[in-house]
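Worksheet: one structure, shown below.
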Amino acid sequence: MFRVKAAFQQTASLLAPCRASSALLTARHRISPLQKRLYTDEQNKNASGGRVFETTTAQFDKDVLDSEVPTIVDFYAEWCQPCKMLGPLLSKAVEKDGRVNLAKINVDENLDLAGDYKISSLPTVMAFRDGEPVAAFIGMRPPAAISEFVKDIAEGNEVGSAGRSA
Numbered sequence: 260m261f262r263v264k265a266a267f268q269q270t271a272s273l274l275a276p277c278r279a280s281s282a283l284l285t286a287r288h289r290i291s292p293l294q295k296r297l298y299t300d301e302q303n304k305n306a307s308g309g310r311v312f313e314t315t316t317a318q319f320d321k322d323v324l325d326s327e328v329p330t331i332v333d334f335y336a337e338w339c340q341p342c343k344m345l346g347p348l349l350s351k352a353v354e355k356d357g358r359v360n361l362a363k364i365n366v367d368e369n370l371d372l373a374g375d376y377k378i379s380s381l382p383t384v385m386a387f388r389d390g391e392p393v394a395a396f397i398g399m400r401p402p403a404a405i406s407e408f409v410k411d412i413a414e415g416n417e418v419g420s421a422g423r424s425a
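Here it is as structure tokens:
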């Protein structure tokens, strides 16, 4: 009996590292928050709106021009202080409204796209519907004006350059 108990304890101590490595293996294969967000973004590509994402020149046609959902494009640069203030306000307004998407484009990394749309000042915000630009504004705006701009784009209203209904 003593030999059986000793053998059992020895086997259990040998298996302990296997259990630990099994737990590590399981932990390694869990989905990270970034993977989960990317997977969720991929699933929501055909959603009705409210999606905020980065895009590039290569993806612009697919993400913005071919989109069935009206898309607001935020042309920004990392060094631009007004861009850093405007970006979160736009994101919040788009997510809250849920009927339009927001594509963010870093002009320093996508110079040709910025040139195509004649972006000369930052931040520049343009709205696209059915592949065509329908409204734009340049510079910082108060949160109420940004929300109104997003609402007007979502509802298909005419929008002036100041972000207010024309």
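Our numbering numbers the first residue of the sequence shown as 260 and each following residue consecutively. Glycine residues also receive a C-beta, built at the ideal position from the N, C-alpha and C atoms.
Using only the alpha-carbon positions, how far apart do G374 and L348 sit? The count along the sequence shown starts at 1 and reaches residue 374 at position 115. The count along the sequence shown starts at 1 and reaches residue 348 at position 89. Cα-Cα distance, rounded: 25 Å.
Within 10 angstroms of its Cβ, does P382 collect 16 or more other Cβ (buried), or is it exposed? Within the sequence shown, numbered from 1, the residue matching residue 382 stands at position 123. Label assigned to P382: buried.
Give the secondary structure of A336 by DSSP, where H, G and I count as helix, E and B as strand, and everything else as coil. Mapped onto the sequence shown, residue 336 falls at position 77. DSSP places A336 in coil when its eight states are reduced to three.
Candidates G390, A413, A403 and A386, of which the one nearest F396 by Cα: Here residue 396 is taken as the residue at index 137 of the sequence shown, counted from 1. When each option's Cα is compared against that of F396, the closest is A386.
Proximity winner among T315, E327, V311 and R310, relative to E368 (alpha-carbon distances): The residue labelled residue 368 in the question sits at position 109 within the sequence shown. Out of T315, E327, V311 and R310, T315 has the C-alpha closest to the C-alpha of E368.
Do D356 and V409 count as a contact pair if the criterion is CB distance below 7 Å? Reading the sequence shown from its first residue, position 150 is the one you call residue 409. Reading the sequence shown from its first residue, position 97 is the one you call residue 356. Yes. Within cutoff.
Quick check on P392: does DSSP put it in helix, strand or coil? Here the question's residue 392 lines up with position 133 in the sequence shown. Note: P392 maps to strand in three-state DSSP.
Rounded C-beta distance between N360 and S326? I'm assuming under 8 Å. By 1-based counting over the sequence shown, the position of residue 360 is 101. By 1-based counting over the sequence shown, the position of residue 326 is 67. Yes, N360 and S326 are in contact; Cβ-Cβ is about 7 Å, under 8 Å.
I'd like to know if P401 contacts chain D, where contact means its C-beta is closer than 7 Å to some C-beta of that chain. This model lacks chain D altogether; it includes just one protein chain.
Starting from I378, follow the alpha helix (DSSP H) in both directions and report where the run begins and ends. In the sequence shown, counting from the first residue as 1, residue 378 sits at position 119. Here I378 belongs to no alpha helix (DSSP H), and DSSP marks it neither H nor E.
Using only the alpha-carbon positions, how far apart do A362 and K377 sit? The sequence position of residue 362 within the sequence shown is 103, counting from 1. The sequence position of residue 377 within the sequence shown is 118, counting from 1. Near 17 Å, if we compare the C-alpha coordinates of K377 and A362.
Paired residues, beta bridge with I433 - DSSP: Residue 433 lies beyond the range of the chain shown here (260 to 425); nothing can be said about it.
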